[in-house]
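Numbering (the numbering used here), first residue to last: 7 to 386.
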């Protein structure tokens, strides 16, 4: 029976992914620290780890050679989900993000080279759209529709509330287009930089050993089961908490920044396809819905799904490391993995809301997280 190791498998994506792998007859081993930031000080959402036939749970860290050696032993495939996530927090907890994301991935590659993971035949990495930075744009009046990948907006531009990207040659506002896997990477945050480093480690390490791989650049993943206690990641769950507490929804900049929101079920389909198809893709693949949604529109849709009038508060504030727009060209997702996202934003929000309503009400910690950024001059 094939053994699949899922690092970080007790988290949001893992709890959707693992049951499907078990149903397919795989033996699944999870290595996870059960981080208090995600699961709470006394984890109450992980009973399934002990009660699922065919599932082996090991509590440990990819930063520990001992833990990783034990987890990799006998594994055929590794799905590497373990990572610190969140743009804002990464800008001042640099060491922790580098340790977990970069060193942890280096440790994994070391096991493949000369450790207990020498029998691994395939590695699937959950990377991020953050590696692109601002992403791809065109000039509206350009008859050749040349693709531009402008640099990250500078602090001076943000302080002057100049939100949109502009052409470095003409100064005109640019129009965002779907980002392709061959577009320039330009991380704008420490988190993004660590994800790009993960990609290089996996790509080079796997190629050197003849191990198949897939690097999946995930867009903004949302859905039922996402942590309601973590104020640093998961915009829809942060807003869901605030809606339930009758609090306004603060939106940065002018509320027109946009994201590609992709439901976790579609992400699981992509990971499963990359893991189980006969031949490894050996490629970088975008995973998203392929559509850009302004954050203001998402906040309105979420509020209506809860049955309340939207209370969107446009703050005019910004966070260092945030980008303006990014959405994915998913042609390669369809071509290489045969996956087409099927959960619409409307249906996905409805599923999320019904799940949230059944959960305990959590303390809203988003304001405190923003105050920490302001104290460190990472937010204007």
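The C-beta atom is built at its ideal place from N, Cα and C for all residues, glycine as well.
Please read these numbers as outputs of a predicted model, since none were measured by experiment.
*residue 279 versus 317, 329, 343, residue with shortest Cα-Cα distance*: 343
_C-beta atoms of residue 34 and residue 61 nearer than 7 angstroms_ = yes
*Could you name the residues that DSSP lists as bridge partners for residue 226?*
267
*asked:* In whole angstroms, give me the CA-to-CA distance for residue 386 and residue 312.
replied: 31 angstroms
*Starting from residue 157 and walking both ways along the alpha helix (DSSP H), at which residues does that stretch end?*
No alpha helix (DSSP H) holds residue 157; DSSP gives it neither H nor E.
*Is it the case that the Cβ atoms of residue 325 and residue 94 are separated by a distance below 7 angstroms?*
yes
*Would you mind reading off the limits of the beta strand (DSSP E) that contains residue 133?*
128–134
*asked:* Given a cut-off of 7 angstroms on the beta-carbon distance, is the pair residue 143 and residue 182 in contact?
replied: yes
*asked:* Please state whether the Cβ-Cβ distance between residue 75 and residue 121 is less than 7 angstroms.
replied: yes
*Going along the chain, which residues of its own chain have a beta-carbon closer than 6 angstroms to the beta-carbon of residue 37, five neighbours each way excluded?*
13, 64, 66, 77
_Inter-residue spacing [alpha-carbon to alpha-carbon] between residue 179 and residue 146_ = 8 angstroms
*Tell me, to the nearest whole angstrom, how far the beta carbon of residue 83 is from that of residue 10; I am working on the premise that it is less than 8 angstroms.*
5 angstroms
_According to DSSP, residues forming a beta bridge with residue 180_ = 145
*Below 6 angstroms CB to CB, which residues in the same chain sit around residue 300 once its five sequence neighbours on both sides are set aside?*
262, 264
_residue 346 classed as buried or exposed, judged by whether at least 16 other C-beta atoms fall within 10 angstroms_ = exposed
*Report the rounded CA-to-CA distance for residue 355 versus residue 119, giving the unit in angstroms.*
43 angstroms
*Segments of 3+ residues assigned as beta strand (DSSP E) that fall wholly inside the segment 29–116*: 33–38, 61–65, 83–86
*Mapping DSSP to helix, strand and coil, what is residue 25?*
helix
_Element boundaries [beta strand (DSSP E), containing residue 290]_ = 289–293
_Endpoints, alpha helix (DSSP H) assigned at residue 339_ = 337–343
_Taking 7 angstroms as the threshold (C-beta atoms), are residue 220 and residue 130 in contact?_
yes
*In terms of residues, what are the limits of the alpha helix (DSSP H) holding residue 356?*
351–363
*Output the boundary residues of the beta strand (DSSP E) element that contains residue 319.*
318–320
*Any idea if residue 126 is buried or exposed, counting beta-carbon neighbours within 10 angstroms, 16 or more meaning buried?*
buried
*Compute the beta-carbon to beta-carbon distance between residue 22 and residue 270, rounded to the nearest angstrom, for a pair I have assumed lies under 8 angstroms.*
5 angstroms
_Proximity winner among 316, 132, 92, 99, relative to residue 111 (alpha-carbon distances)_ = 132
*Go ahead and pull the three-state DSSP assignment for residue 310.*
helix
*Which same chain residues, not among the five before or five after residue 52, have their C-beta less than 6 angstroms away from its C-beta?*
16
_Alpha carbons only, please: which of 134, 275, 310 is nearest the one belonging to residue 92?_
134
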